[in-house]
Amino acid sequence: MSSITPRRAAIGIALILLITLPAWVGNPYYINISSQILLFAVFALALNVLVGYAGLVSLGHAGLFATAGYAGALMLQAGYGHFAADGVAILVALLAAAVFGVLALRSTGIGFLMITLALGQIVWGVAYRWASLTNGDNGVNVTTRPRPFGLSLANADSFYYATLLIFLAAVASMAVFIRSPFGASLCGTRDQARRMNALGYNVWLTRFLAFLFSGFWSGIAGLLFIYYTNFISPQVASLQTSAEVLLMVISGGTATLLGPIAGAAIVVIMKNVVSAYVERWNLVLGVIFVAIITFMPEGLVPGSVRLWRMGWRAFRDRGRANVLRNVSEPPS
Amino acid sequence: MKLRRRTVLKGILGGVSALTLKAPAIAQSAPFKIGLLTVKTGPLAQGGIQMEQGIATLLKEKSNTLAGRKIEFISADTGGNPAGAKTKAQELIERDKVNVILGPLAAFELLAITDYVRDNQTPLISLAAAEDVTQRKANPFVIRPSATSAQCCHAMGDYAAKDLKYKRAATISEDFAFGYEQMAGFQRVFEDDGGKVVKKLWPPLVTPDYTPYIAQIGNVDCVFNGFAGSNPVKFTRAYADLGLKDKIPLLAGWTAMDDALLRSLGDEAVGVVSAAWYSSERDTPSNKRFVAAMQKDYGVLPGGYSAGMYVAGECVEAAIEKLGGQADDRKAFAEALHAVWLTDTPRGPVKFDHLGNVVGDVFIRKCERKGGQLVNTIVKTYANVSQFWTYDEKAFLANPVYSRDYPPAKNLE
Amino acid sequence: MSALKVDALSKSFGGLRVTADVSLTVEPGERRLIIGPNGAGKTTLFNLITGELAPDSGSILLFDRDITQLPSRRRAHFGMARTYQIITLFPRDTIVRNVCLALLGLSPLRWNPVAAFDRQHRLFERARAALARVGLSHIADRPLSQTSYGEQRRVEIAMALAQNPKVLLLDEPFAGLSIDERREVNQLLFAIPRDVTVVMIEHNMDVALEFADRITLLGTRAEVVADPRTREVYLGA
């Protein structure tokens, strides 16, 4: 029988909070914001597979996100059903990820970053320029949301639950993936690619498969996005989107499960909620990022854990010092 | 730092704001909520801020009361992108439960939310110019008191061919939909009136230096430009610097020679002929009052962005008035908006066609220096211009929407 | 059949010919020492043999199999393992996980994305056994970053041994070790069973000469060998 550890308790509480969220948030606007956080968390988790676990910083992931979104939106516009559109969108995203992977994995580090950046810009260029297909910067409307098992996802609550389900699946798949032998291999290629090769690993293929995995979840996030906004336009594929999701991963904490989720929450809340009250909200966002990078260079989640432990240790040691002093003091 | 901007804004407007914490039992006494979707951050921010000034000026003038209803005004910054526009529209509709939305600024923002406002039955008064929103994808909840992209350009094409007797024209505009639609409208009428568009140039939205594009212009009678945002200032200056100003007359769309831009322009703008649906030079009491208020409160000459939102506010007032106590029914309100007919707004008479687009005057202006100041003096008025110009609506809508490729440019050299 | 046969191997970097026409044959079970002055291309030779560098010309045979064109990882699967002169380990992992990664490299399990790595008990048992051979059982679960340099040297060797190689290439395994640590590593090397062929680069002559069956002198050939001082230093003649 498994016991209740603090970790399990925390996961349980988080799950209960997430599941009951519509009840205590109430207003559909905030439920929608929550859906948005979850869908960007899926995207950030997908990017984290590369940035955190493979040590490959991609600045072109908006390209994959948008490719899936456009594929889905255009299929729907052409009159196909949701099932076909979503299936094709995911296949197209995987295909795009394969192309991205083959081209970008010729290199690592800055080289990888520059190639992914260029590939992302190509997707943006196609979305913007191939107007007869993509309708240019006027974008493509998605008029309906899917109805899985006949359940309408039209209102905020139901869409939130659908997004939550996919988000949980993403988190679970990441957790399993990263604890697996393949996950360990991937981390090995990040830390010592040369040694991994000498140990018998196919470093390239390991990274390529990780790229596909990342592309798959980026594609899912892209689909969630078009169903959420009911719209896609070239700005979704822009460098800004790629940079934003990278910022989510880095600010939250790379190579952690919670980090990208926290990062997504910060960015989405700043952009959408705080901006209603603070005119210079992007300045505030900038200050927050600078603070995170200065005080918690490893990211918000690992940084908070470190600071909490330091604080706890200081608190505990102070207690101990008092005890010692009391003992050493001779009774008067 | 302003934490509750909304509250602050209310203060600025001088209105006695009614708090909405407790919803009164009688809907009629609750404030009528106007949400503004605008852009306050990023490259489009200037136009966005002018939009807010325009509606704020009207609300101040009316002591925050339109047709007897207290107004609660809520402004939201979309950041100038479609996803932001969608989220902010959700904020206004789902959280703040506004009665009507004014804005947004950019076409791609509008296109991202038209389906959404229809599904949520919230009337929207747009400034953005995207043609199809009042054409092939017309929406019973959207009206547009400003103009479609091409509405003024049709008139410009006509004026260039018939009055100025130009035969050959080059067009230049940013490489995006608003540019395509403007240039298409100009080309269509200009060529139908016997002219030829022989060159079409499309610099990207962010172009540091227009020289390589301007250098391609030659052997034409005029150049029509459709730049927007702060690009017209850069372009007009480069055009003069390269010595073309005195050789080839420059024509402009409304955003390219907006009155609000005049203070950023110098001699390079003198002589530019533009077509616009609003002119601060219009000599009527209502316009004089609006211009004076804008000058007093913000020290600026109002252009289309401010005037558009001021007029949008007047449309709200007229619709509330028409409905009497029933203004809270959003569907009825949208219908009332479509039926609005104003005889005297700063831009002139305003009424709407059955697709929700304005039928109104278009002014041909010539930029001059008067007492040291640049002004766009009205030289001709096209009255009651429809979005279809003089074309038959049915035939017009049977064609594809204006784009880079439509109507095809057959006279390119 | 020889364990490793290198024939007329050459490698240049730009104009610099680092490996010039090197040939050597190592018999199964042999302990071969490779010596030479700095810059003689000893590590480059290792990198060529393990496939981390591609030769310009020449061939490499592992138990008569031509592996010249094979990538590094394939050579590992054919029984070649190496250690590095500069420690090349996984600092974020524990010692035992480092060794597990070595074992995983040769197992099809490495592609498995759903199993739990930490529950691969057989893998971990084998890793602990390998650590026992190098005397590190007691700190198997310590993060690598909290271990001494000498311990890390031994982890390098444990990882190579864990793969049960047929040919083991050791690149300066004594580099930077204290006298005590050297003794421990020395014992370790002597304990390697004779069915493993060992090729070693080492500067430290006391331990190396004792260990080696044969010595290959690598350098700009004639000059180095003719230089009496080098002869004295390396060969005691």
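Residue numbers (this note's numbering), protein chains in the order written: chain D, 1129 to 1460; chain Y, 1252 to 1664; chain L, 9 to 245. Note that CB positions come from ideal geometry on N, CA and C, so glycine has one too.
| Item | Value |
| --- | --- |
| Any 3 or more C-beta pairs closer than 8 angstroms across the stretch 1306–1313 of chain D and the stretch 109–124 of chain L | yes |
| Sheet register partners of residue 1440 of chain Y (DSSP bridge) | DSSP, once it has assigned bridges, lists no residue as partnering residue 1440 of chain Y. |
| Partner residues on chain Y for residue 1267 of chain D, Cβ-Cβ distance less than 7 angstroms | 1333, 1359, 1362 and 1363 |
| Straight-line gap, residue 5 of chain L to residue 1402 of chain D (C-alpha atoms, nearest Å) | The displayed coordinates of chain L run from 9 to 245. Any statement about residue 5 of chain L would go beyond what the structure contains. |
| Chain D within 8 angstroms of residue 1654 of chain Y, Cβ atoms only | yes |
| Where residue 18 of chain L meets chain D, residues with beta-carbon distance less than 8 angstroms | Going along chain D, no residue has its Cβ under 8 angstroms from residue 18 of chain L, so there is no contact; the nearest lies around 22 angstroms. |
| C-alpha gap between residue 1319 of chain D and residue 96 of chain L, whole angstroms | 9 angstroms |
| Interfacial residues, the stretch 45–70 of chain L to chain D, with Cβ spacing under 9 angstroms | 58, 59 and 60 |
| Residue from Y:1416, Y:1540, Y:1637 and Y:1648 whose Cα sits closest to the Cα of residue 1596 of chain Y | Y:1540 |
| Contact with chain Y by residue 1370 of chain D, beta-carbon distance below 8 angstroms | no |
| Three-state secondary structure (DSSP) of residue 1269 of chain D | strand |
| N-terminal and C-terminal residue of the alpha helix (DSSP H) that residue 1496 of chain Y is part of | Segment: none, residue 1496 of chain Y is in no alpha helix (DSSP H) and carries neither H nor E. |
| Segment limits, beta strand (DSSP E) that includes residue 1286 of chain Y | 1283–1289 |
| Exposure of residue 1255 of chain Y, with buried meaning 16 or more beta-carbon neighbours within 10 Å | Here the model assigns residue 1255 of chain Y a pLDDT of 45, short of 50, so the residue's position is not dependable, and the following value carries that caveat. Residue 1255 of chain Y is exposed by the Cβ-count criterion. |
| Within 8 angstroms, strictly: CB atoms of residue 53 of chain L and residue 176 of chain L | no |
| Residues near residue 141 of chain L by beta carbon distance below 8 angstroms, same chain, minus five either side | 166, 169, 196 and 199 |
| Neighbouring residues, chain Y, relative to residue 1157 of chain D (Cβ below 7 angstroms) | 1341, 1342, 1345 and 1346 |
| Minimum Cβ-Cβ distance from residue 76 of chain L to chain D less than 8 angstroms | no |
| Interface flag, residue 1358 of chain D vs chain Y, CB-CB below 8 angstroms | yes |
| Straight-line gap, residue 1641 of chain Y to residue 1294 of chain D (C-alpha atoms, nearest Å) | 53 angstroms |
| Status (buried if at least 16 other CB within 10 Å, exposed otherwise) for residue 1506 of chain Y | buried |
| Minimum C-alpha distance to residue 1284 of chain D - residue among D:1150, D:1435, D:1424 and D:1142 | D:1150 |
| Segment contact flag, the stretch 1399–1414 of chain D with the stretch 1219–1232 of chain D, C-beta cutoff 8 angstroms, min 3 pairs | no |
| Cβ-Cβ distance between residue 1617 of chain Y and residue 1632 of chain Y below 8 angstroms | no |
| Check whether residue 1558 of chain Y and residue 1298 of chain Y have beta carbons under 8 angstroms apart | no |
| 8 angstroms Cβ cutoff, residue 1400 of chain D in contact with chain L | no |
| Under the three-state DSSP convention, the category residue 173 of chain L falls into | coil |
| Neighbouring residues, chain L, relative to residue 1430 of chain D (Cβ below 8 angstroms) | Ordered by position in chain L, no residue passes the 8 angstroms Cβ test against residue 1430 of chain D, which lies about 12 angstroms from the chain. |
| Of the listed residues L:149, L:80, L:182 and L:173, nearest to residue 201 of chain L (C-alpha basis) | L:173 |
| With 16 other Cβ atoms within 10 Å as the buried cut-off, status of residue 1664 of chain Y | exposed |
| Short CB-CB distance (under 8 angstroms) between residue 125 of chain L and chain D | yes |
| For residue 47 of chain L, the nearest candidate out of L:20, L:12, L:90 and L:153 (CA to CA) | L:20 |
| At least 3 beta-carbon pairs within less than 8 angstroms: the stretch 1179–1199 of chain D vs the stretch 1246–1253 of chain D | yes |
| Residues from the stretch 1147–1177 of chain D in contact with chain Y, defined by Cβ distance under 9 angstroms | 1155, 1156, 1157, 1158, 1159, 1160, 1161 and 1164 |
| Within-8 angstroms CB hit, residue 1427 of chain Y to chain D | yes |
| Where the beta strand (DSSP E) containing residue 1611 of chain Y begins and where it ends | 1609–1621 |
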